[in-house]
Amino acid sequence: MTRVLWSRRQLDRDGAPNDATLVAFVRRGLGRPPGGSFEELFRRHYPAIRSLLDGRREPGLALLAVGSDAIEASGWFAAKDGEINALIVGRHSHADIFLPGDRRLSLRHLAVVLHAREAGAAPAFRVLDLRTPLAFTDEEGSPLEAVEAKGPVLLRCASVGLLLFPTGGAVRPWPEDPAAAWSRVPPRLCVEKTPAGSSPGQAANAGAWVAPPASADWSCATLVRTLRGPVLLSPAIEGSEPARGELLVTSSEGRVAVRLDSRAARRGLLLGRYDRCDTAGVPVLSHPSLSRVHLLVLEIDGTLYAIDTASRNGSRCGGEPVRVTRIRPGLPVSLAGKATVEWRSIH
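Structure, rendered in structure tokens:
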């Protein structure tokens with residue numbers, strides 16, 4: 002995976018305490034990023050944005066994390082042929098986007114997942130909150146759990162503005178003038194809004210997010226789907242659809258089977274020691290070598306993946322370290338060398 006290219010806090014990684022996450026409460030109105038609107042942020046940091054995007058023909062995703070007075074991190078991440086790619090955003094020193102400056106952020110706060118590459122097109126991508134107390138917000142300040150899009154998306158997480166621009170396909174040079182460049186950013190049209198913490202099936206009316214100038218061409222808008230985030234398994238959810246299969250989690254402490262239906266697979270679930278995870282308190286994942294949030298299991302385009310969430314001691318498959326791997330029957334994924342996760346289909 003192409004990692005973050007530049008980080009203002011890179012030298013702080015070695016000394017990062019990686020201590021506990023503070024609990025924060027979401028309030029409507031937190032959506033304005035520091036330093037003004039997203040348009041103002043875009044114009045202020047346009048030279049860095051332009052350097053990431055101009056002439057970029059390779060399919061991937063350019064990402065900038067903008068703090069109150071500076072760019073905290075920026076990078077470009079490659080889309081892969083026939084596979085997904087993923088990066089983790091948070092305060093943990095192993096996170097791809099390392100943001101230690103705001104303690105409201107969780108150690109592992111967001112996952113950004115690039116879909117498998119399609120020939121000649123920019124990739125779709127998904128941003129998921131890893132079931133944190135804070136979530137993230139859209140341009141209107143609405144807290145959300147997950148979004149998916151194929152065009153530029155602007156979000157806020159705590160005090161950090163996130164500017165995400167997929168690349169690939171037809172390329173036009175970006176102009177020198179920031180105002181002219183902002184007019185090229187397509188409007189963001191929210192197809193369906195499912196706020197964080199809403200009940201299943203509850204969604205706000207479809208509507209536009211804060212957009213570029215009113216003269217913008219809405220026929221070229223970025224359609225943004227809002228989704229439910231990683232599920233916390235419960236009997237009600239487990240029984241809502243026939244089980245697709247079981248995750249067999251095994252360690253020296255025994256074995257548990259976590260049943261997964263199609264809806265839970267599409268939303269994702271978390272494995273680890275922390276109470277944000279579906280396996281919190283389960284003895285088989287109690288070893289301290291395992292991270293509090295160690296693995297995200299997620300279905301993308303009908304394929305089930307295991308995504309290591311920047312764990313301290315890593316995950317391996319077939320003896321090789323992996324950040325992302327397909328979950329297949331008979332091919333266990335090792336978590337920190339202390340537990341394994343294996344898929345068993347139910348026919």
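Here the sequence shown stands for residues 2 to 348, numbered as in the numbering used here.
For each residue, glycine too, the CB sits at the ideal point set by N, CA and C.
Straight-line CA distance for residue 294 to residue 55? The residue given as residue 294 occupies position 293 in the sequence shown. The residue given as residue 55 occupies position 54 in the sequence shown. Cα to Cα, the separation comes out at about 36 Å.
Residue 31 to residue 258 span [Cα, whole Å]: Here residue 31 is taken as the residue at index 30 of the sequence shown, counted from 1. Here residue 258 is taken as the residue at index 257 of the sequence shown, counted from 1. Its pLDDT being 44, under 50, residue 31 is placed unreliably by the model, and the measurement read from it follows with that caveat. Approximately 40 Å between the Cα atoms of the pair.
For residue 250, which of 104, 260, 243 has the nearest alpha-carbon? Counted from its first residue, the sequence shown places residue 250 at position 249. Residue 250 has its Cα closest to that of 260, out of 104, 260, 243.
DSSP-derived helix/strand/coil call for residue 106: Locating residue 106 in the sequence shown gives position 105, where the first residue counts as 1. It is coil, neither helix nor strand.
What are the boundary residues of the alpha helix (DSSP H) that residue 281 is part of? Here residue 281 refers to the residue found at position 280 of the sequence shown. Per DSSP, residue 281 belongs to no alpha helix (DSSP H) and is neither H nor E.
Within 10 angstroms of the Cβ of residue 173, are there 16 or more other Cβ atoms? Answer buried if so, exposed if not. The sequence position of residue 173 within the sequence shown is 172, counting from 1. Exposed.
Go ahead and label residue 352 buried or exposed: buried means 16 or more other beta carbons lie within 10 angstroms of its beta carbon, across all protein chains shown. The requested residue 352 does not occur in the structure, where the chain is confined to residues 2 to 348.
Contacting residues, own chain, Cβ-Cβ under 8 Å from residue 281 (five flanking each side not counted): Within the sequence shown, residue 281 is the residue found at index 280, counting from 1. Same-chain partners within the cutoff: 273, 274, 275.
Element boundaries [alpha helix (DSSP H), containing residue 40]: Counting from 1 along the sequence shown, the entry for residue 40 is found at position 39. Counting along the chain, the unbroken alpha helix (DSSP H) around residue 40 starts and ends at 39-45.
Segment contact flag, the stretch 110-119 with the stretch 75-82, C-beta cutoff 8 Å, min 3 pairs: Contact between the stretch 110-119 and the stretch 75-82 is present: three or more C-beta pairs spanning the two stretches fall below 8 Å.
Would you call residue 284 buried or exposed, if buried means 16 or more other Cβ atoms sit within 10 Å of its Cβ? As a working mapping, residue 284 is identified with position 283 in the sequence shown. Burial call: exposed.
Using the three-state DSSP reduction, which class does residue 52 fall into: helix, strand or coil? In the sequence shown, residue 52 corresponds to position 51, counting from 1. It is helical.
Taking the beta strand (DSSP E) that residue 175 falls in, what are its first and last residues? Along the sequence shown, read from residue 1 onward, the residue named residue 175 stands at position 174. The continuous stretches of beta strand (DSSP E) do not include residue 175, and DSSP gives it neither H nor E.
Quick one: what does DSSP say residue 345 is sitting in, helix, strand or coil? For this step, residue 345 is matched to residue 344 along the sequence shown. Of the three classes helix, strand and coil, the one that applies to residue 345 here is strand, per DSSP.
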